[in-house]
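Chains as they are written, first to last, in this note's numbering: chain Z, 1 to 269; chain R, 1001 to 1269; chain F, 2001 to 2578; chain L, 3001 to 3578.
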Amino acid sequence: MNASLPLQAKDYKSSIKPVWCPGCGHYAVFNALTKALAHLGLAREEVALISGIGCSSRLPAYLNTYGFHGIHGRALPLASGLKAARPELTVVAAGGDGDGFSIGGNHFLHACRRNMDLTYIVMDNEVYGMTKGQASPTTAPEWTQSKLTPHGTGIPRFRPAAIALAAGAGFIARGFSGKPADLAKLLVEAIKYKGFAFVHVLSPCRTFRPEQKGWKEQVHSGDPELHDPLQVTNCIQSDDGLTLGVLYRHPMSVWQPILQHPGSLEQIE
Amino acid sequence: MNASLPLQAKDYKSSIKPVWCPGCGHYAVFNALTKALAHLGLAREEVALISGIGCSSRLPAYLNTYGFHGIHGRALPLASGLKAARPELTVVAAGGDGDGFSIGGNHFLHACRRNMDLTYIVMDNEVYGMTKGQASPTTAPEWTQSKLTPHGTGIPRFRPAAIALAAGAGFIARGFSGKPADLAKLLVEAIKYKGFAFVHVLSPCRTFRPEQKGWKEQVHSGDPELHDPLQVTNCIQSDDGLTLGVLYRHPMSVWQPILQHPGSLEQIE
Amino acid sequence: MTVDSSTETLSLSVAITGSGGSGAITCGLILLEAVAAAGLYGLMSRSLGPQIRGGESAAMLRIAREPIDCLDDRFDLLIGLDWLNLERFADELPLVPDSLIVTDTGKGRLPDCLLASRAEVLALPVKQLADEITGGRSNMVALGIAAFLCGLDLNSLLVVTRRQLADKGEKTSEASALCVARGFRAVQNRARLFRPYPAEDKPPLWNISGNEACGLGGLRGGIRFVAAYPITPASDMLEWLSPRLEEVGGSLLQAEDELASVNMLIGASFGGVPAMTATSGPGLSLMAEGLGLAVASETPLVVINVTRGGPSTGIPTKSEQSDLNLAVFGMHGDAPHLVLAPLSIRDCAFTTEWAVRLAEALQTVAIVLTDQFLGQNRGITDPAHSAKFELRRKTGLQNEDGYRRYAIAEDGLSSMGIPGMPECIYTADGLEHDEQGVPSNLTSDHPAQLAKRLHKLTCFDYGPHWLEIQGEGDVCLLTWGSTAAAVFEAARRLRTQRIDTRVIALRLLAPLQREALRDLLRPAMRILVVELNHQAQCFHYLHAQQVLPEDAGSLARPGPIPWRPGEIVNQVLESQDR
Amino acid sequence: MTVDSSTETLSLSVAITGSGGSGAITCGLILLEAVAAAGLYGLMSRSLGPQIRGGESAAMLRIAREPIDCLDDRFDLLIGLDWLNLERFADELPLVPDSLIVTDTGKGRLPDCLLASRAEVLALPVKQLADEITGGRSNMVALGIAAFLCGLDLNSLLVVTRRQLADKGEKTSEASALCVARGFRAVQNRARLFRPYPAEDKPPLWNISGNEACGLGGLRGGIRFVAAYPITPASDMLEWLSPRLEEVGGSLLQAEDELASVNMLIGASFGGVPAMTATSGPGLSLMAEGLGLAVASETPLVVINVTRGGPSTGIPTKSEQSDLNLAVFGMHGDAPHLVLAPLSIRDCAFTTEWAVRLAEALQTVAIVLTDQFLGQNRGITDPAHSAKFELRRKTGLQNEDGYRRYAIAEDGLSSMGIPGMPECIYTADGLEHDEQGVPSNLTSDHPAQLAKRLHKLTCFDYGPHWLEIQGEGDVCLLTWGSTAAAVFEAARRLRTQRIDTRVIALRLLAPLQREALRDLLRPAMRILVVELNHQAQCFHYLHAQQVLPEDAGSLARPGPIPWRPGEIVNQVLESQDR
Ligand SMILES: Cc1ncc(C[n+]2csc(CCOP(=O)(O)OP(=O)(O)O)c2C)c(N)n1
Ligand SMILES: Cc1ncc(C[n+]2csc(CCOP(=O)(O)OP(=O)(O)O)c2C)c(N)n1
Ligand code: SF4
Ligand code: SF4
Ligand SMILES: [Mg+2]
Ligand SMILES: [Mg+2]
């Protein structure tokens, strides 16, 4: 491959065959991401895709960029460490709703606050796919299909956008794997945004939540992009969770370590 | 002591001398809590005070009720396990801003969502007192007195009330150790509330944040108690963090495990 | 082809494989149930491809007239519903020239790796037979074929098939029954590979997985609270427990992570309710700090660790015994506690029940090390009855001179106050404390409390359950946990080869019964420690405790495939030659 | 009273105590600096009451003409600014009839526990002397008294006092100087307890804590990224590092917890930047899962564990060596990695520098076990220069046939791709993988990768640094980490009693240099393993690795007080008698 030719979406794909079930929403997220990277014309070696554990978190190996398939719930700290050490790289973290909002909830909070220049994609299927169908924080309280919670969880859903906003994220968007072209555009915006960009993607689990094929009819676009946190708060607060598009974008000061021109060690000793 | 006489605040105090510095705000929280317990007339053996690690988390041993001084950041799960197993007890979790919002952030999120009938008191001094003065999530970004972050953290503060609301808490109040009588009242309300009641207490650290004595002049009361999440959201979003009182109270369905009348084990085998 | 030539255990091993959607596992599960109905013992293991769902799969069964707890070294019968991606399983499906391969005439050529075995091949029009029945499926025809060759009875097989498929609707179950009968008859002209004796008059056998047995043992031990976070291969234990806990008046809480779940257990147990969780390596790692708190505060709890291939995420769907180090040593500070390991699927119930009782009585943490092999495989076993231990937690005010939660007693056991008891109010603490529980860093309290927490475990009389022991001989095979079954069987085979072999299988790993074990090992000529991990963790642990002689040998290898009895026999024979 | 009768190390031990706000610690710190200025070696330890701030405190110093790294068994001089709550420290301040106690005539009667020692008592009007000077404070008078008795020179003491108090403003520093002079003169008529030789012509000594030395070693090793969560007694290392990292172009990130910090290190190191953190037991427990990921993905990183009393929250402000088990065994699965321990405050710099280089070169985790004693005490030591190791991480495309991140090489070391390098793009994984890094559960890949990760550590040539060894003899004291200093000194004392003693102090604990260590131990008659924990963790670990003979003995006891040399001498003598 001649590195000087612009790369196409397929050039960002590795030769490894995804383990995903046929019809899984994660395929479309994968495709949209490769399109976004191609659109941005990023060199593959300058991109790193960091994930946790879950079906969704299998993503990095399928990309032909640098990647780290870490441990459950810790994609964001791993990505943050990489970005702090190598600010010039494009660092994208990705994972599922269980990975990001259950075990990884604390890092989500603090990554939103810290506002490093990262993109975080959560492929939300409202279930733990990898471990065969338990309720996640975004699962509706009355969903009774998991044997672990046969009466439903009885716990109101976790609202990712509302939390991201309250925690201080400056870019919040929602995409849907059933609308891959729009999703690719959102991802382009997110990666371009200077700061922590959170992209919440509705990505159905064909196997454990077959009813999610209904999402196709339910998703809708929201108000024109809002910039005022107060307005957005109202909007997100009353949101049904199926509104697509950029929900919030606000320029914010980006945290990065103060990297000085290195002095000599001797002066310290 | 005759158990049939009503207990007074002092009866809830153990004989152990607090390790706190003279002038520490946590003394007043301790006193207010004993007053609240006395006011509620709770039997000491029916109350359990659960904490993590930090100056604030030393509280349980000073009370003459059951208590558990657990590990850093895990007061809420420990309290939740106790409450799930023993729903008839009055379970109060308490700790500091580091304990609750930094290492314990994930449990805070999920305890708000889960909405068990617990009270959670965070004594916020915007610093890690116990480990000698590092920045906590609620520390202002420009505070430069910690050698660990000599330029300040550069990270916007964590907003406990906004997060609690977004996460789904039904009772949110803010108290100040400088107004112990009001605080005792808030604690009574919180304990009486059926569900997860979060009480954010401004509790100055005399040693590492001497400037917090200024809080006395800065705190103020807010709008009359609001019940509509949207209104409250606006209010909390624009709040300066020094508004005292019950910020939000909303009746919500309380999560508790479905405890059946026990059947016999044989029928399972 | 002869019946049961390979072992003195009269057993037959059958594998059914197929690609995604072929139904090989369903076929295996019904066959296993039919085995049980025939009064035979059995074991079924399954192997899956990397796909999350619907990938190729293999059902691996072994049936026998005597109880069996491990797979054999070879398969006598392999039925392929198709041969796509069979290489994935080839290592797990050893064949010999004596074996029989059944292939579908419509599904093309056998893969070379199978042909290489020189096993006999029987081609049958499996799919064609199924297609002749409306709603018919190949896997049910295969079930009939397998059942005949296994010597099962058609009528009883049909009953089982209908029962197992009842919830799919009558149409499906009837079509299946027709297919089963057709498959059965398609091979009726052949010699059976196995001939069950007429079922004796014995209580019906159980069809149970180790995960279910652990759950049952937990309930019997008195567990009434579970908090957990899903993880392979432990989740199905939790799913089994959830409704059943409810039935006995307990509850299960799905936690946000393992840090939460272990601390929830501490809370519930502090509240007087026996508490347990199930997890696997990554979860156990996350629980380390919480477990240390339970040890220091003397709050009982039980963790079932269903070990998978490690380190890190490792191989989540495969078995290994590589979490022993973590289970024994994985807390900071000196934090003595209990570590146990069940020795078979059936023993999961006993060992867990015992673990719960010990944890309660000794006010400490018990970690039970099972693994994917024990946990997810199903066995047809003798019923596993409750051991009904008398062990209980000591609570309430016990002495006259006031309540001291951490009083130094001769047996190290002080009495726990339980919220609600007015006379023994205390604050539990992970800080070092004095007898009252008040934080202390005095030179005297720390050593005294450390000694208390160790002593209560070491001076306790564990009775005879800490090990299983079989045989006498110059060779002593020492093992633990899930490898025990293969070792027991290897020893039986060695004895038929006139090599007197003793087997010691440890159920209680910590505290190690040092003196007793040393005494047992003294006469042995050649000791080999058999386990399924890379760094010989148990072997080194036994050395750490100074129970092994200098020349003891180690038979350790990692997963993903469990030890097979013949492999152990070979290693023993080789080591004899040296 | 004689000078230096107790040991052949010509040293003097001084304690200054007082209640909250008395300034005992400031007094000690200035005295220590004055000791350095006089060209003497020194050590200062501090002990605090349970209060968060402002409680009673004790500064415990030892000064000597030769390098010293541990406290003595007794104090020669105890100065009490007052005697409130002295019982809290009584255990830590052993006195003998030879000792001298200085008490303030205005502060009442000596506590009985001190009188019991039958030490000489010198009553002086300390506070009165201080009050005569505007802004004068008792602790500065005490400083003068101590300095005279320690044989220091007044002028140089005044220079040091003024310099140390410069930031308090001129008034305070002048008042203090006046007090110091007054105290000095108040005892001038007495015999000095210690007489320094005239300072030789040697480079100025360093006044450094172990935590600072670890930080320095880290920077020298090449650490340019630190992520951490504060914890006692490690926080001050992080606070030392933060501004200095910046100066050398690196950065420090305060994480939300230890789960985050360890994963941040992995991210930075994956990015090619050497990364380190510091923590203590509870934090190390929380890092277990992340460390396993680093081992499995072969991503180098270093954790400095400043051990405190355990288990659980334990005794955060006191020292212990009880995290060895966790450090060596605390990950699930087979997860080999490096464990090191510095042998003195000064050695913290060397050991950490080495640890960083080894972790980088071997692409693994290095855990450095220091403790509260090494970390928070200050030593006056010879300068600790950089060892300037050549060891580097192997990166980039190394062979022609394409990039394989986890290629099986003879030395187990494959080359790391670093983001930005176009020719070696890969995905790091904690799932078991093949040579390319692709997840695999094949029977072949798992054992191969496990062997690779172990082999790279065991076949590496660590050179001579893995231990320090001194002396020859029938008695061999084997030790590790911070206890080494007391053992070295005990051995010197034993030799003066004609007991030939060899000391082996291990700096590299894992992988243990088994063969070399066995060879060294073969001739020893009587081996004793000395360490500061309850369960004799190192002793058992050495047995696990089969390096100890059956009859080796263990000298293990828990904190909170470190081993003292005389205590070891006594134990050795006792064990001889048996
Ligand atoms: C510490 C730890 N706990 C639990 C697990 C088991 N586990 C693996 S993936 C997963 C949840 C996956 O759900 P999600 O993140 O929503 O991803 P999905 O599979 O739905 O795409 C869990 C619980 C684990 N690997 N590590
Ligand atoms: C796992 C773990 N990490 C770190 C620590 C050290 N630590 C003890 S208390 C504390 C922070 C206390 O701050 P906060 O909760 O705000 O309480 P405060 O002392 O200010 O009242 C920390 C970091 C610990 N004990 N355990
Ligand atoms: S289980 Fe669900 S989330 Fe996982 S690969 Fe299958 S469809 Fe996708
Ligand atoms: S350090 Fe601060 S928070 Fe801690 S006891 Fe002192 S004043 Fe209170
Ligand atoms: Mg999901
Ligand atoms: Mg605080």
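Glycine is no exception: its CB is placed at the ideal position from the N, C-alpha and C atoms.
Could you tell me whether any Cβ in chain F is nearer than 9 Å to the Cβ of residue i?
i: ASP3334(L); result: yes
i: MET1(Z); result: Model confidence at MET1(Z) stands at a pLDDT of 44, short of 50, so the residue's coordinates are unreliable; what they give is reported in the following sentence. No - not a single Cβ of chain F is within 9 Å of the one on MET1(Z).
i: VAL29(Z); result: no
Are the beta-carbon atoms belonging to residue i and residue j less than 9 Å from one another?
i: THR1034(R); j: ILE1191(R); result: no
i: THR3370(L); j: PRO3316(L); result: no
i: GLN237(Z); j: LEU1230(R); result: yes
i: PRO3565(L); j: ALA3484(L); result: no
i: ALA2524(F); j: CYS2476(F); result: yes
i: GLY1067(R); j: PRO1060(R); result: yes
i: GLY70(Z); j: SER102(Z); result: no
i: SER56(Z); j: VAL29(Z); result: yes
Roughly how many whole angstroms lie between the Cα atoms of residue i and residue j?
i: HIS200(Z); j: TYR248(Z); result: 12 Å
i: GLY3144(L); j: GLU3066(L); result: 23 Å
i: ALA3123(L); j: THR3103(L); result: 5 Å
i: ILE2016(F); j: VAL2306(F); result: 26 Å
i: GLY2290(F); j: LEU2362(F); result: 18 Å
i: PRO3311(L); j: ALA3191(L); result: 47 Å
i: ARG3495(L); j: GLU2432(F); result: 38 Å
i: GLY1052(R); j: GLY3272(L); result: 36 Å
i: HIS2446(F); j: PRO2439(F); result: 10 Å
i: LEU1265(R); j: ILE1258(R); result: 17 Å
Measuring only between beta-carbons, confirm whether residue i sits less than 9 Å from chain L.
i: ALA1135(R); result: yes
i: ASN125(Z); result: no
Leaving aside the five residues before and after residue i along the sequence, list all residues of the same chain whose C-beta is less than 8 Å from its C-beta, in chain order.
i: GLU3360(L); result: GLY3221, GLY3222, PRO3274, PRO3300, LEU3391, ARG3392 and ARG3393
i: ILE3345(L); result: LEU3043, ASP3069, ILE3208, SER3209, GLY3210, ALA3213, LEU3374, ASN3377, ARG3378, GLY3379 and THR3381
Would a check of beta-carbon distances place residue i closer than 9 Å to chain R?
i: ALA85(Z); result: no
i: LEU2579(F); result: Any answer about residue 2579(F) is impossible in this case: the structure gives chain F only from 2001 up to 2578.
What is the C-beta distance between residue i and residue j, in whole angstroms, given that I count them as a contact (C-beta under 8 Å)?
i: ILE3527(L); j: LEU3548(L); result: 6 Å
i: ALA2278(F); j: MET2331(F); result: 19 Å between Cβ atoms; not a contact.
i: LEU3555(L); j: VAL3529(L); result: 7 Å
i: ILE2079(F); j: ALA2038(F); result: Wrong, their Cβ atoms sit about 19 Å apart, outside the cutoff.
Can you list, in chain order, the residues of its chain with a C-beta nearer than 7 Å to that of residue i? Leave out the 5 residues immediately preceding and following it.
i: LYS2456(F); result: LEU2362, ASP2411, GLY2412 and LEU2413
Using a Cβ-Cβ cut-off of 6 Å (strictly less than) and excluding sequence neighbours within five positions of residue i, which residues of its own chain qualify?
i: ILE3632(L); result: As displayed, chain L neither begins before 3001 nor continues past 3578, which places residue 3632(L) out of reach and without an answer.
i: ALA3552(L); result: ILE3527
Distance cutoff 9 Å, beta carbons only. Does residue i sit that close to anything in chain Z?
i: MET3421(L); result: yes
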